[in-house]
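Trainee:
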Amino acid sequence: MPIPEDVTGDEIDKDVRQELQSLPKTLAEDVAKNLVMVARLIDEDPEGAYGYSKVALRLASRVAAVREAAGFAAYANQKYSEALAEFRAARRMTGTVDLWPVMADCERGLGRPEKALDMAGAPEVHKLDKAGQVEMRLVAAGARRDMGQLDAAIVTLQSPELASNSVQPWTARLRYAYADALLAAGRADEAREWFAKAVEADRDGSTDASDRLAEMDGVEFVDALDEEESEETSQEIEVAAETETETETETETESGTESKIDAESGSESEAEQD
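Going from the sequence shown to our numbering is simple: count from 1 and add 179.
Right under this line is the structure:
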C-alpha cells in the first residue's frame, strides 16, 4: 500500500522504535511507516488502517507492537475474533496485562458477555493501572447491559472515580456510560444530570454527551451550511418565479399587441373593400 511522502516512520513512540531495532534497518523503517499509517487512519478510515496493519504484520509478525497494532485495527473494524487473537499474541510476547480490558470487550463483541465478566473478576485486573481498571469497569458494565441487567450495570459504574471531581482522561467516558445506563433504566432526570457532568469533563470531544443532553432538552441544531444552502435555494426559487412571471407578462403583452395589430389589419382590409 502507498505511503505518503510526509511519513518517515520517526513519528512512532520510542518504545515501539526500540522494539523494531531487532529488525534490519530498511525493514524496520518500512514497518514503522506502516504503523504510523495505522495510527493515522484508525479513527477516520478503519478499513485503510486495517490494510496497513496487514502489511506490517506480514513484514514483522514477531514484533509485539505490530501484533498489538493489528489487533486494534481489526477491533476498529469489528473483526473481534481476529483482534482477540492478535491481542493474545501481543500479551504472550510482552507478558503485560495492559490489553486485558480490550480483550474482554472483544469477548462482548463475539456475543460472550459472561466471559467478559469472568475476565473482569480475574486477578489480572488488579495488575492494571488506574486507567485500565476504569476501562475494565466500563467493559463489565457493558457486559451487564448485554445481558439485560441494567441495574447491575449502574451499580458496576458507581465507583470513587465516578464520584471524584477530578477530571482525568477517562472521566468523560465514565460519566457518559453512567448517564446512558441511567437513561436506559428510565431514570431520565438523573441521566440528564450525568450527561451534563460528562460534557463538563469532555474537553476533547471524545463523546457525544453534548448532543445527548441537547436531545433530552429538546434542542434542535441546524447546520449553518445547510441553512445557507436552504437560503440560496429559496432565493433561486424566488428568482425563477419572478423570471417566469416576467416571461408570462411579456407573452401576454406580445399577445395583446399581436391581437391589436390583427384587429387594425382587419379594419384596414374592411375599409379598402368599402
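Yeah, the Cβ is synthetic: ideal placement off N, Cα and C, and Gly gets one too.
Evaluate residue 206 with the Cβ neighbour count: other Cβ atoms within 10 Å of its Cβ, from every protein chain shown; 16 or more gives buried, anything less gives exposed.
Mentor: Within the sequence shown, the letter at position 27 stands for residue 206. It counts as exposed.
Trainee: For residue 376, name the three-state secondary structure that DSSP assigns.
Mentor: As a position in the sequence shown, residue 376 is number 197, starting the count at 1. Helix, per DSSP.
Trainee: Is residue 264 helix, strand or coil by DSSP?
Mentor: Taking the sequence shown and counting its residues from 1, one reaches residue 264 at position 85. Three-state result, residue 264: helix.
Trainee: Quick one: what's got a C-beta closer than 6 Å to residue 347's C-beta in the same chain, skipping five residues either side?
Mentor: Within the sequence shown, the letter at position 168 stands for residue 347. So no residue of the chain qualifies.
Trainee: Could you tell me the boundaries of the alpha helix (DSSP H) in which residue 225 lies?
Mentor: Along the sequence shown, one-based indexing puts residue 225 at 46. Element bounds for residue 225: 225–238.
Trainee: Given a cut-off of 8 Å on the beta-carbon distance, is the pair residue 338 and residue 316 in contact?
Mentor: Taking the sequence shown and counting its residues from 1, the one referred to as residue 338 is at position 159. Taking the sequence shown and counting its residues from 1, the one referred to as residue 316 is at position 137. Cβ distance < 8 Å, so residue 338 and residue 316 count as in contact.
Trainee: Do residue 353 and residue 340 count as a contact pair if the criterion is CB distance below 8 Å?
Mentor: The residue given as residue 340 occupies position 161 in the sequence shown. The residue given as residue 353 occupies position 174 in the sequence shown. Yes, they are a contact pair.
Trainee: Where does residue 321 sit, in a helix, a strand or coil, going by DSSP?
Mentor: Along the sequence shown, one-based indexing puts residue 321 at 142. It is helical.
Trainee: Can you tell which of 395, 228, 384 has its C-alpha closest to the C-alpha of residue 218?
Mentor: The residue labelled residue 218 in the question sits at position 39 within the sequence shown. Among 395, 228, 384, the Cα nearest to that of residue 218 belongs to 228.
Trainee: DSSP three-state call for residue 337: helix, strand or coil?
Mentor: Counted from its first residue, the sequence shown places residue 337 at position 158. Here residue 337 sits in coil by DSSP.
Trainee: Do you know how far the Cα of residue 311 is from the Cα of residue 280?
Mentor: The sequence position of residue 280 within the sequence shown is 101, counting from 1. The sequence position of residue 311 within the sequence shown is 132, counting from 1. Near 7 Å, if we compare the C-alpha coordinates of residue 311 and residue 280.
Trainee: Which value, in whole angstroms, describes the spacing of the CA atoms of residue 386 and residue 379?
Mentor: Walking along the sequence shown from the start, residue 386 turns up at place 207. Walking along the sequence shown from the start, residue 379 turns up at place 200. If you take the alpha carbons of residue 386 and residue 379, they lie about 11 Å apart.
Trainee: Out of curiosity, what's the CA-to-CA distance linking residue 460 and residue 268?
Mentor: Outside the shown range of the chain (180 to 453) lies residue 460, about which nothing can therefore be said.
Trainee: Considering residue 350, what are the terminal residues of the alpha helix (DSSP H) in which it resides?
Mentor: Numbered from 1 along the sequence shown, position 171 holds the residue referred to as residue 350. 350–363 is the span of the alpha helix (DSSP H), which, as asked, contains residue 350.
Trainee: Suppose you measure from the CA of residue 343 to the CA of residue 201; what does that come to, to the nearest Å?
Mentor: Mapped onto the sequence shown, residue 343 falls at position 164. Mapped onto the sequence shown, residue 201 falls at position 22. One alpha carbon belongs to residue 343, the other to residue 201, and they sit about 44 Å apart.
Trainee: Should residue 283 be labelled buried (16 or more other beta-carbon atoms within 10 Å of its own) or exposed?
Mentor: Counting from one through the sequence shown, the residue named residue 283 turns up at place 104. Counting Cβ neighbours within 10 Å, residue 283 comes out buried, since at least 16 surround it.
Trainee: Taking 7 Å as the limit between beta carbons, can you name the residues of its chain near residue 188, skipping five residues before and five after?
Mentor: Within the sequence shown, numbered from 1, the residue matching residue 188 stands at position 9. 208, 211, 212, 215, listed in sequence order.
Trainee: Considering only the beta carbon of each residue, do residue 335 and residue 358 sit closer than 8 Å?
Mentor: To locate residue 335, count along the sequence shown from 1; it is residue 156. To locate residue 358, count along the sequence shown from 1; it is residue 179. No, the Cβ-Cβ distance between residue 335 and residue 358 is not below 8 Å.
Trainee: For my contact list, residue 289 and residue 322 are in at a C-beta cut-off of 8 Å; report their separation, rounded to the angstrom.
Mentor: In the sequence shown, counting from the first residue as 1, residue 289 sits at position 110. In the sequence shown, counting from the first residue as 1, residue 322 sits at position 143. Going by Cβ atoms, the distance from residue 289 to residue 322 rounds to 12 Å, so no, they are not a contact pair.
Trainee: Any idea what DSSP makes of residue 186, helix, strand or coil?
Mentor: On the sequence shown, residue 186 is found 7 positions in, with the first residue counted as 1. Coil, per DSSP.
Trainee: Are the beta-carbon atoms of residue 249 and residue 232 separated by less than 8 Å?
Mentor: Taking the sequence shown and counting its residues from 1, one reaches residue 249 at position 70. Taking the sequence shown and counting its residues from 1, one reaches residue 232 at position 53. In contact: residue 249 and residue 232 (Cβ atoms closer than 8 Å).
Trainee: Taking all protein chains shown into account, decide if residue 376 is buried (16 or more other Cβ within 10 angstroms of its Cβ) or exposed.
Mentor: Along the sequence shown, one-based indexing puts residue 376 at 197. Result: buried.
Trainee: Could you tell me whether the Cβ atoms of residue 245 and residue 180 are closer together than 8 Å?
Mentor: By one-based count along the sequence shown, residue 245 stands at place 66. By one-based count along the sequence shown, residue 180 stands at place 1. Result no, Cβ atoms of residue 245 and residue 180 do not sit closer than 8 Å.
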